[in-house]
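Chemist: So that we are looking at the same thing, I have put the structure below in structure tokens.
Residue numbers (our numbering): 1 to 733.
Now the structure itself:
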């Protein structure tokens, strides 16, 4: 049973004040549907549908064209679909039976939910959540990872609830101009139809929390998203009671200046704890997924001292550490939130600092890695490490890098190996990311319980042997053809301007071929991701693209930060490569990279390429998704790939050693990239035997599916957190 949001025994009355949102859309739309398919309303209100192929198909098959126009948002689609189309489906008995079957499955699934009102329970804090692209509350890997964590927690029936922020304008939408330059735009989510409901108290009033910001109380209302058996609560300051500037605290994801970031993180961390109290929940474990939520430890300390007036901050910190765990996702100091102390001091009142029984300097020291340096800024990761009983990186290598990075916090330790930072390698949610074509294949060849079997590496490896070469290749070719159809549709436009670019074409009929080796490269555009490494020797690259017998084609996607003109310039150069080659019809860039685009790419490419500068890839998860669909990873040995690569299930670029000189390392990796493409990948892909199938390539695909799917599943990841980090049995003892 989930938290009873209207239960008098667990709810406190909201303060009496004007809580009307500036935009009064409460996402309470319910379309009056024909009675025999009316369950679609309820199904659309819980994101469980999005990781069940049958659930996705129910909405897509109502009206495939409208489904894409609504960007796979089922509630928006139900609002816009014609009455005629609904009644046509209502008269289709096969479709009605599909709705009934899925609704029955959905009810059975959700009825088995853990009872979150009794301990042990986990509160999971994160600044972004990528549950599905119809809830645009994420920017990239961190959010997708958090969404997959919730889905696996739901499937494993883990007693977990999640806390985040609801960003009115979300992250930016990317548009590429005719000249190849990235432009940004923002959509107001309150103008859409989201699967969110306002959280209400026993009196039917909105549950709200307040946090003192800039010398005044700022109020935030709570929304609830249902992710299978898991409840995700999102705080939103877009209230009529707040000033205009305070309404925009939750305006943009990772937007605004330093002060905005600080106050956002106050609402997330401190407001999140206060929301839990309004919900009547005191979790056994608080999981801070990245440092953005570290202010929650200060609120927990304040609570402790309020209830223990004779205690000291040291007492409070000891009690808080027992409850809190921290996951860092950043392998370099510059990637962590570090705030100027003057700005931070302006955002925390002397009254709050006094409630912690700390002086101003003692308070600021909580965020310093080096306590002897009073000029150091306030870091959220040092605060989290200091206030949590457990800290972990997101791959074995990242754990090692993090121990070295934060050694200065432990001056009494002789070496980095003794730093108390462990690792839990990231994973991805298999039912979300494995293509329905492969899921159908697994149902028929392995059995309908394949999602359980995949949690056992040995059992899954044996099961994968039941997949014939023809099974794997036919499924892959279907997905590759689907990707190419998607590419042709997404890059076709009537107006392409006067400059040839790979993001738009007037005629896409000859664009890409299912017979050509296809390499995918999709990730955030940042310096350490080395988007331009592939173009180090452009003539050598274009010879591979133009090869008459064994050509190569590339599909790219990714966003540059709006203020990063260097990254935008890299993108612009990529768009306009021509040189009288086949590049313009054998390379494409898909703009506005999101989860839906990612699905097409990881399902359909032959090779997934990743070239970060070592050791700056904390983990990486996109390659895991591709591997589960039989794509072969072609990656620098960093992050997760160090653990995953076995010399059969993909290809490595270079070795494990990193050079202190970036130019030297880049040159060596570029040479390794070209050499591996020319001497290993291309010959193997085009090496067909008597059967007409590339037997060695398919053997590698089977090995990728067999070895990487269980090892890098988010089910395994959540199980590792349960056994190694959360320790719920110990907490409840």
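For glycine and all other residues, C-beta sits at the position ideal for the given N, C-alpha and C.
1. Considering residue 184, what are the terminal residues of the alpha helix (DSSP H) in which it resides?
2. Count the other C-beta atoms from every protein chain shown that fall within 10 angstroms of the C-beta of residue 85, then say buried if there are 16 or more, exposed otherwise.
3. Check each candidate in 251, 717, 586, 363 and name the one with the smallest Cα separation from residue 374.
4. Which residues bound the beta strand (DSSP E) around residue 212?
5. Let me know the secondary structure DSSP gives residue 262 once reduced to three states.
6. Does DSSP put residue 162 in a helix, a strand or coil?
7. So the beta strand (DSSP E) residue 217 belongs to, where does it begin and stop?
8. My parser needs the beta strand (DSSP E) runs of 3 or more residues fully inside the segment 380-428; what are they?
9. Excluding the 5 residues preceding and the 5 following residue 526 in the sequence, name in chain order all residues of the same chain whose CB lies nearer than 7 Å to its CB.
10. From what residue to what residue does the alpha helix (DSSP H) around residue 320 run?
11. Going by other Cβ atoms of all chains shown within 10 Å of its Cβ, with 16 needed for buried, is residue 683 buried or exposed?
12. Might you give, ordered along the chain, the residues of its own chain that have their beta carbon closer than 7 Å to the beta carbon of residue 24, omitting 5 neighbours on each side?
13. Along the chain, where does the beta strand (DSSP E) that runs through residue 235 open and close?
14. Assign residue 354 to one of two classes, buried (16 or more other C-beta atoms within 10 Å of its C-beta) or exposed (fewer than that).
15. How about residue 275 and residue 209: do their beta carbons lie closer than 8 Å?
16. Just to confirm my understanding: we take residue 670, look at its own chain, exclude 5 residues before and 5 after, and list those with CB closer than 6 Å. What are they?
17. DSSP puts residue 123 in a beta bridge; with which residues?
18. Could you name the residues of the same chain whose beta carbon sits closer than 6 Å to that of residue 701, not counting the 5 residues immediately before and after it, in chain order?
19. In chain order, what residues of the same chain have a beta carbon less than 6 Å from the beta carbon of residue 394, not counting five sequence neighbours either side?
20. Put residue 538 into one of helix, strand or coil per three-state DSSP.
21. Any idea what DSSP makes of residue 72, helix, strand or coil?
22. With a Cβ-Cβ cutoff of 8 Å, do residue 518 and residue 492 count as a contact?
23. If you pair each beta-carbon of the segment 713-727 with each one of the segment 415-435, do three or more pairs fall below 8 Å?
24. Give the straight-line distance between the Cα atoms of residue 383 and residue 263, rounded to the nearest whole angstrom.
25. Taking the CB atoms as reference points, tell me whether residue 494 and residue 179 lie closer together than 8 Å.
26. Ignore the nearest five residues each way along the sequence and tell me which others in residue 390's own chain have a CB closer than 6 Å to its CB.
27. Of all the alpha helix (DSSP H) runs that stay within the bounds of the segment 429-497, which reach a length of 4 or more residues?
28. Excluding sequence positions up to five away, which residues of its chain have a Cβ less than 8 Å from the Cβ of residue 294?
29. Where does residue 518 sit, in a helix, a strand or coil, going by DSSP?
30. Are there 16 or more other CB atoms within 10 angstroms of the CB of residue 87, so buried, or fewer, so exposed?
31. Looking at C-alpha atoms only, which residue of 721, 228, 659 is the closest neighbour of residue 132?
32. Determine the extent of the alpha helix (DSSP H) in which residue 567 is found, giving its start and end residues.
33. Going by alpha carbons, who is nearest to residue 462 out of 477, 446, 612?
34. Buried or exposed: where does residue 116 fall if 16 or more other Cβ atoms within 10 Å of its Cβ makes it buried?
35. Would you say residue 318 lies against chain C (beta-carbon separation less than 8 Å)?
36. Only counting the same chain, and skipping five residues up and downstream in sequence, which positions put a Cβ closer than 6 Å to that of residue 638?
Modeler: Reading it off the structure:
1. Run containing residue 184: none in the alpha helix (DSSP H); it sits in the beta strand (DSSP E), 182-185.
2. exposed
3. 363
4. 208-213
5. helix
6. strand
7. 216-227
8. 390-393
9. 567
10. 313-323
11. exposed
12. Bear in mind that a pLDDT of 48 at residue 24, under 50, signals an unreliable position, so the model cannot answer this.
13. 230-236
14. exposed
15. yes
16. 533, 536
17. 161, 286
18. 472, 630
19. 329, 426, 618, 619
20. helix
21. coil
22. no
23. yes
24. 16 Å
25. no
26. 325, 725
27. 430-433, 436-445, 450-453, 457-464, 469-490
28. 265, 269, 288, 326, 380, 381, 383, 384, 387
29. strand
30. exposed
31. 228
32. 565-575
33. 446
34. Because residue 116 carries a pLDDT of 47, less than 50, the predicted location of this residue cannot be relied on, and no value is offered for it.
35. In the structure shown, chain C cannot be found, because there is only a single protein chain.
36. 612, 614, 615, 617
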